[in-house]
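In the working numbering, the protein residues as written are 4 to 242.
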(Lines of atoms letter the chains of each structure in order from A and count residues from 1; the text may use other names and numbers.)
(Lines give C-alpha, C1' and ligand atoms only; values in the text may rest on other atoms or scores of the structure.)
Protein backbone atom coordinates (compact mmCIF):
# COMPACT_ATOMS: atom_id res chain seq x y z
CA UNK A 1 0.00 0.00 0.00
CA UNK A 2 2.84 2.38 0.84
CA UNK A 3 4.44 2.07 -2.63
CA UNK A 4 1.05 2.89 -4.18
CA UNK A 5 0.69 6.09 -2.18
CA UNK A 6 4.29 6.99 -2.95
CA UNK A 7 3.65 6.49 -6.67
CA UNK A 8 0.47 8.58 -6.58
CA UNK A 9 2.27 11.37 -4.72
CA UNK A 10 5.09 11.34 -7.24
CA UNK A 11 2.63 11.51 -10.13
CA UNK A 12 0.81 14.44 -8.53
CA UNK A 13 4.10 16.25 -8.00
CA UNK A 14 5.14 15.71 -11.61
CA UNK A 15 1.73 16.79 -12.87
CA UNK A 16 1.87 20.00 -10.82
CA UNK A 17 5.33 20.74 -12.23
CA UNK A 18 4.10 20.24 -15.79
CA UNK A 19 1.11 22.54 -15.23
CA UNK A 20 3.36 25.20 -13.73
CA UNK A 21 5.73 25.00 -16.67
CA UNK A 22 2.84 25.26 -19.17
CA UNK A 23 1.42 28.28 -17.32
CA UNK A 24 4.77 30.08 -17.27
CA UNK A 25 5.34 29.33 -20.95
CA UNK A 26 1.85 30.59 -21.80
CA UNK A 27 2.44 33.89 -19.97
CA UNK A 28 5.82 34.37 -21.62
CA UNK A 29 4.24 33.71 -24.98
CA UNK A 30 1.58 36.33 -24.32
CA UNK A 31 4.25 38.86 -23.38
CA UNK A 32 6.24 38.15 -26.54
CA UNK A 33 3.16 38.52 -28.73
CA UNK A 34 2.13 41.78 -27.08
CA UNK A 35 5.61 43.24 -27.40
CA UNK A 36 5.79 42.25 -31.08
CA UNK A 37 2.32 43.68 -31.70
CA UNK A 38 3.27 46.98 -30.03
CA UNK A 39 6.38 47.25 -32.18
CA UNK A 40 4.35 46.66 -35.34
CA UNK A 41 2.13 49.64 -34.46
CA UNK A 42 4.97 51.94 -33.42
CA UNK A 43 3.79 51.77 -29.79
CA UNK A 44 5.90 51.31 -26.66
CA UNK A 45 5.84 48.30 -24.36
CA UNK A 46 6.58 47.77 -20.70
CA UNK A 47 6.24 44.56 -18.74
CA UNK A 48 4.25 45.94 -15.81
CA UNK A 49 2.71 49.12 -14.43
CA UNK A 50 1.16 49.78 -11.04
CA UNK A 51 0.14 53.39 -11.72
CA UNK A 52 -2.21 53.46 -14.70
CA UNK A 53 -4.95 51.42 -13.02
CA UNK A 54 -5.62 54.27 -10.58
CA UNK A 55 -7.39 56.12 -13.39
CA UNK A 56 -10.39 53.76 -13.59
CA UNK A 57 -12.81 52.11 -11.18
CA UNK A 58 -15.81 51.00 -13.25
CA UNK A 59 -16.55 48.15 -15.63
CA UNK A 60 -14.11 45.30 -15.23
CA UNK A 61 -12.01 47.46 -12.91
CA UNK A 62 -14.73 47.25 -10.24
CA UNK A 63 -14.23 43.48 -9.99
CA UNK A 64 -10.48 43.39 -9.31
CA UNK A 65 -8.50 44.23 -6.24
CA UNK A 66 -5.01 45.62 -5.86
CA UNK A 67 -3.37 44.23 -8.99
CA UNK A 68 -0.82 45.46 -11.48
CA UNK A 69 -1.29 45.94 -15.20
CA UNK A 70 0.73 43.42 -17.20
CA UNK A 71 2.09 43.60 -20.77
CA UNK A 72 1.34 47.30 -21.04
CA UNK A 73 1.36 48.98 -24.46
CA UNK A 74 1.44 52.79 -24.68
CA UNK A 75 0.74 54.73 -27.85
CA UNK A 76 -1.35 57.39 -29.51
CA UNK A 77 -4.38 57.35 -31.80
CA UNK A 78 -5.35 60.62 -33.48
CA UNK A 79 -3.18 62.41 -30.96
CA UNK A 80 -4.89 60.79 -27.96
CA UNK A 81 -3.19 58.42 -25.54
CA UNK A 82 -4.13 54.76 -25.70
CA UNK A 83 -3.21 51.91 -23.35
CA UNK A 84 -3.52 48.19 -23.95
CA UNK A 85 -2.83 45.94 -20.97
CA UNK A 86 -3.74 42.72 -19.19
CA UNK A 87 -5.40 42.28 -15.83
CA UNK A 88 -3.89 39.02 -14.66
CA UNK A 89 -6.17 36.14 -15.71
CA UNK A 90 -9.16 38.53 -15.86
CA UNK A 91 -9.25 40.51 -19.10
CA UNK A 92 -7.32 42.48 -21.68
CA UNK A 93 -8.27 46.16 -21.63
CA UNK A 94 -7.93 49.00 -24.11
CA UNK A 95 -8.30 52.56 -22.77
CA UNK A 96 -8.51 55.58 -25.08
CA UNK A 97 -8.19 59.14 -23.75
CA UNK A 98 -10.73 61.74 -24.85
CA UNK A 99 -10.19 65.50 -24.87
CA UNK A 100 -13.63 66.36 -23.47
CA UNK A 101 -14.78 64.26 -20.55
CA UNK A 102 -18.23 63.64 -19.15
CA UNK A 103 -19.79 62.67 -15.83
CA UNK A 104 -22.30 60.44 -17.63
CA UNK A 105 -21.25 56.79 -17.75
CA UNK A 106 -22.57 54.49 -20.47
CA UNK A 107 -21.87 50.77 -20.07
CA UNK A 108 -22.53 48.53 -23.08
CA UNK A 109 -22.01 44.81 -22.47
CA UNK A 110 -22.95 41.50 -24.02
CA UNK A 111 -26.12 39.85 -22.80
CA UNK A 112 -25.44 37.12 -20.29
CA UNK A 113 -22.65 38.99 -18.52
CA UNK A 114 -23.18 40.15 -14.96
CA UNK A 115 -24.62 43.63 -14.61
CA UNK A 116 -22.38 46.47 -13.36
CA UNK A 117 -21.59 46.35 -9.66
CA UNK A 118 -21.79 50.11 -9.09
CA UNK A 119 -24.83 51.35 -7.17
CA UNK A 120 -25.26 54.54 -9.21
CA UNK A 121 -25.84 52.93 -12.61
CA UNK A 122 -29.17 51.66 -13.96
CA UNK A 123 -30.44 49.53 -16.81
CA UNK A 124 -31.67 51.43 -19.85
CA UNK A 125 -32.52 48.53 -22.13
CA UNK A 126 -31.17 46.21 -24.80
CA UNK A 127 -29.77 46.88 -28.25
CA UNK A 128 -29.46 43.65 -30.15
CA UNK A 129 -26.94 41.40 -28.38
CA UNK A 130 -25.97 44.02 -25.78
CA UNK A 131 -27.41 45.59 -22.63
CA UNK A 132 -27.12 49.32 -21.97
CA UNK A 133 -26.59 50.78 -18.50
CA UNK A 134 -25.99 54.38 -17.52
CA UNK A 135 -25.69 56.80 -14.62
CA UNK A 136 -27.98 59.21 -16.50
CA UNK A 137 -30.77 57.48 -18.40
CA UNK A 138 -31.97 60.59 -20.23
CA UNK A 139 -28.51 61.43 -21.57
CA UNK A 140 -27.86 57.79 -22.48
CA UNK A 141 -31.21 57.56 -24.26
CA UNK A 142 -30.23 60.48 -26.48
CA UNK A 143 -26.89 58.77 -27.24
CA UNK A 144 -28.63 55.58 -28.33
CA UNK A 145 -29.48 56.79 -31.81
CA UNK A 146 -29.43 54.87 -35.09
CA UNK A 147 -25.62 54.91 -35.17
CA UNK A 148 -25.41 53.33 -31.71
CA UNK A 149 -27.92 50.65 -32.73
CA UNK A 150 -25.80 49.78 -35.76
CA UNK A 151 -22.64 49.78 -33.65
CA UNK A 152 -24.15 47.47 -31.02
CA UNK A 153 -25.06 44.96 -33.73
CA UNK A 154 -21.72 45.09 -35.56
CA UNK A 155 -19.17 45.43 -32.72
CA UNK A 156 -17.08 42.24 -32.42
CA UNK A 157 -17.98 39.75 -29.71
CA UNK A 158 -14.44 39.99 -28.36
CA UNK A 159 -15.40 43.48 -27.10
CA UNK A 160 -17.35 42.03 -24.19
CA UNK A 161 -17.75 45.20 -22.09
CA UNK A 162 -17.45 48.82 -23.21
CA UNK A 163 -17.77 51.81 -20.94
CA UNK A 164 -16.51 55.33 -20.31
CA UNK A 165 -15.15 57.18 -17.28
CA UNK A 166 -14.79 60.96 -17.49
CA UNK A 167 -11.89 61.43 -19.94
CA UNK A 168 -11.53 57.77 -20.92
CA UNK A 169 -13.33 55.20 -23.06
CA UNK A 170 -12.55 51.54 -22.40
CA UNK A 171 -13.09 48.11 -23.92
CA UNK A 172 -12.60 44.81 -22.09
CA UNK A 173 -11.75 41.66 -24.03
CA UNK A 174 -10.98 38.07 -23.00
CA UNK A 175 -7.50 37.51 -21.58
CA UNK A 176 -7.04 34.94 -24.35
CA UNK A 177 -7.65 37.51 -27.10
CA UNK A 178 -5.36 37.45 -30.14
CA UNK A 179 -3.38 40.02 -32.11
CA UNK A 180 -6.21 40.30 -34.62
CA UNK A 181 -8.68 40.93 -31.81
CA UNK A 182 -6.43 43.63 -30.34
CA UNK A 183 -6.63 45.39 -33.70
CA UNK A 184 -10.41 44.99 -33.65
CA UNK A 185 -10.44 46.35 -30.12
CA UNK A 186 -8.59 49.48 -31.21
CA UNK A 187 -11.15 50.14 -33.94
CA UNK A 188 -14.03 49.41 -31.57
CA UNK A 189 -12.87 51.74 -28.80
CA UNK A 190 -12.45 54.55 -31.36
CA UNK A 191 -15.95 54.01 -32.72
CA UNK A 192 -17.53 53.84 -29.26
CA UNK A 193 -15.61 56.94 -28.20
CA UNK A 194 -16.94 58.87 -31.22
CA UNK A 195 -20.52 57.85 -30.45
CA UNK A 196 -20.22 59.14 -26.88
CA UNK A 197 -19.35 62.68 -27.97
CA UNK A 198 -23.02 63.62 -27.65
CA UNK A 199 -22.89 63.15 -23.87
CA UNK A 200 -22.88 66.38 -21.82
CA UNK A 201 -19.32 67.56 -21.05
CA UNK A 202 -17.90 68.05 -17.60
CA UNK A 203 -19.07 71.39 -16.14
CA UNK A 204 -16.99 74.34 -17.35
CA UNK A 205 -14.45 71.94 -18.75
CA UNK A 206 -11.87 73.00 -21.27
CA UNK A 207 -10.33 70.33 -23.50
CA UNK A 208 -7.59 68.51 -21.63
CA UNK A 209 -4.28 67.45 -23.01
CA UNK A 210 -3.87 63.72 -23.22
CA UNK A 211 -1.47 62.26 -20.66
CA UNK A 212 1.96 61.82 -22.13
CA UNK A 213 2.24 58.48 -23.86
CA UNK A 214 5.62 57.57 -25.33
CA UNK A 215 5.54 57.00 -29.05
CA UNK A 216 8.14 56.01 -31.55
CA UNK A 217 7.02 57.86 -34.50
CA UNK A 218 -33.81 46.75 -13.25
CA UNK A 219 -35.21 45.32 -16.55
CA UNK A 220 -36.57 47.57 -19.19
CA UNK A 221 -38.18 46.91 -22.57
CA UNK A 222 -35.52 46.05 -25.20
CA UNK A 223 -34.64 48.43 -27.97
CA UNK A 224 -35.60 47.67 -31.54
CA UNK A 225 -32.98 45.34 -33.11
CA UNK A 226 -32.50 47.50 -36.16
CA UNK A 227 -33.65 50.71 -37.74
CA UNK A 228 -35.00 53.13 -35.20
CA UNK A 229 -33.89 52.85 -31.61
CA UNK A 230 -36.94 52.03 -29.51
CA UNK A 231 -36.08 53.00 -25.96
CA UNK A 232 -37.90 52.28 -22.74
CA UNK A 233 -40.34 54.92 -21.48
CA UNK A 234 -38.90 57.68 -19.38
CA UNK A 235 -38.93 57.08 -15.68
CA UNK A 236 -37.94 58.98 -12.59
CA UNK A 237 -34.16 58.86 -12.19
CA UNK A 238 -32.55 58.21 -8.88
CA UNK A 239 -30.18 60.76 -7.46
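We put the CB at the ideal spot given by N, CA and C, even for glycine.
- Note on residue 122: under 16 other CB atoms within 10 angstroms of its CB, so exposed under the neighbour-count rule.
- In the displayed model, residue 195 falls within a helix according to three-state DSSP.
- Take the alpha-carbon of residue 185 and the one of residue 87: they are about 8 angstroms apart.
- In the DSSP annotation of this structure, residue 152 is not part of any beta strand (DSSP E); the continuous alpha helix (DSSP H) holding it starts and ends at 149-157.
- About 12 angstroms separates the CB atoms of residue 62 and residue 162; that is not less than 8 angstroms, and the two are not in contact.
- Residue environment for residue 83: buried (at least 16 other C-beta atoms within 10 angstroms of its C-beta).
- Taken through DSSP and simplified to helix, strand or coil, residue 96 comes out as strand.
- Counting C-beta pairs closer than 8 angstroms gives fewer than three between the segment 111-128 and the segment 178-193, which falls short of the contact rule.
- In this chain, the beta strand (DSSP E) harbouring residue 89 covers 83-90.
- For residue 142, there is no enclosing beta strand (DSSP E); the enclosing alpha helix (DSSP H) has its first and last residue at 140-146.
- In the structure shown, the three-state DSSP call for residue 55 is helix.
- Residue 110: member of the beta strand (DSSP E) spanning 109-113, first to last residue.
- Of all C-beta pairs linking the segment 141-160 to the segment 37-57, fewer than three are shorter than 8 angstroms, placing the two stretches out of contact.
- Residue 137: member of the beta strand (DSSP E) spanning 133-137, first to last residue.
- Taking a 10 Å sphere around the C-beta of residue 92, we find fewer than 16 other C-beta atoms and assign the residue as exposed.
- Distance from the CA atom of residue 90 to the CA atom of residue 70, rounded to whole angstroms, is 7 angstroms.
- For the pair residue 151 and residue 164, the CB atoms are not nearer than the 8 angstroms cut-off.
- Note that the C-beta distance between residue 143 and residue 127 is below 8 angstroms.
- Per DSSP, residue 64 has no beta bridge partner at all.
- Annotation for residue 178: no beta strand (DSSP E) segment contains it, and DSSP assigns it neither H nor E.
- Ranked by how close their Cα comes to the Cα of residue 170, the residues 75, 99, 36 have 99 in first place.
- For the set 188, 107, 94, the Cα lying nearest the Cα of residue 204 is the one of 107.
- Excluding five sequence positions before and after residue 178, the CB atoms of its chain that fall closer than 7 angstroms to its own CB belong to 89, 92, 93, 94, 95, given in chain order.
- For residue 133 against residue 65, the beta-carbon gap comes to about 18 angstroms, at or over 8 angstroms, which does not count as contact.
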